[in-house]
Amino acid sequence: MTLAEVEALARAAHAGQTDKAGRPYAEHLRAVAEGVRARGGDEEQIAAAWLHDAVEDDALCEHWLGEAALSRRTKDIVRAVTKRAGEPPEAYAARILATPGALLVKEADLAHNADPARLALLDEATRTRLTEKYARMRALLGLVEGGGAGAGDEGSGPDGDEVRR
Numbered sequence: 004m005t006l007a008e009v010e011a012l013a014r015a016a017h018a019g020q021t022d023k024a025g026r027p028y029a030e031h032l033r034a035v036a037e038g039v040r041a042r043g044g045d046e047e048q049i050a051a052a053w054l055h056d057a058v059e060d061d062a063l064c065e066h067w068l069g070e071a072a073l074s075r076r077t078k079d080i081v082r083a084v085t086k087r088a089g090e091p092p093e094a095y096a097a098r099i100l101a102t103p104g105a106l107l108v109k110e111a112d113l114a115h116n117a118d119p120a121r122l123a124l125l126d127e128a129t130r131t132r133l134t135e136k137y138a139r140m141r142a143l144l145g146l147v148e149g150g151g152a153g154a155g156d157e158g159s160g161p162d163g164d165e166v167r168r
């Protein structure tokens, strides 16, 4: 699949989905893909960025991912950044760190999730909880604040803590 095809698929798969502030979820996908590009990511990583929440959110199924006309590396990155129900943050971080190319995608995801302007739209309790959660995941991934590394969280979907609905 071309990047344009992956983008169109991701946008269609998440159509109607919004973040917790009520913004179209595709805005997050675009921001993550652009974050990967800005950090020097390659086309496989950018494709994974567009799809990073698709399986986790049940927008696309694991079977689809397995059969998709995507590189093995793109599929591996998507699987690595897909949070699994009940999974400890340490196991999630270890899988990301063990998968070539996945950390950059997660870094861009986490940077957008922890964007102060985005978090400012949430109530104080949610903002505080997510900020603490993101700081913990940054530490687990070895990402340093202010050093060009992104901000982070341990994922989204099953635990409902991604900045989305």
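The sequence shown: position 21 = 24 (our numbering), numbered continuously.
Cβ atoms here follow ideal geometry from the backbone N, Cα and C, with glycine treated the same way.
With distances taken between CA atoms, A96 lies nearest to L146 out of L133, H115 and L146. Inclusion of K23 and L125 in the CB contact set at 7 Å is warranted, their separation being smaller than that value. H17 and A62 have their C-alpha atoms some 6 Å from each other. Between the alpha carbons of V9 and H115 lies a distance of about 20 Å. The three-state secondary structure of T134, taken from DSSP, is helix. DSSP places H31 inside the alpha helix (DSSP H), whose first and last residues are A29 to A41.
At a Cβ-Cβ threshold of 7 Å, K109 and V81 do not count as neighbours.
For I99, same chain residues with a beta-carbon under 7 Å away, outside a window of 5 residues either side, are A83, V84, A105, L106, K109 and L144 in chain order.
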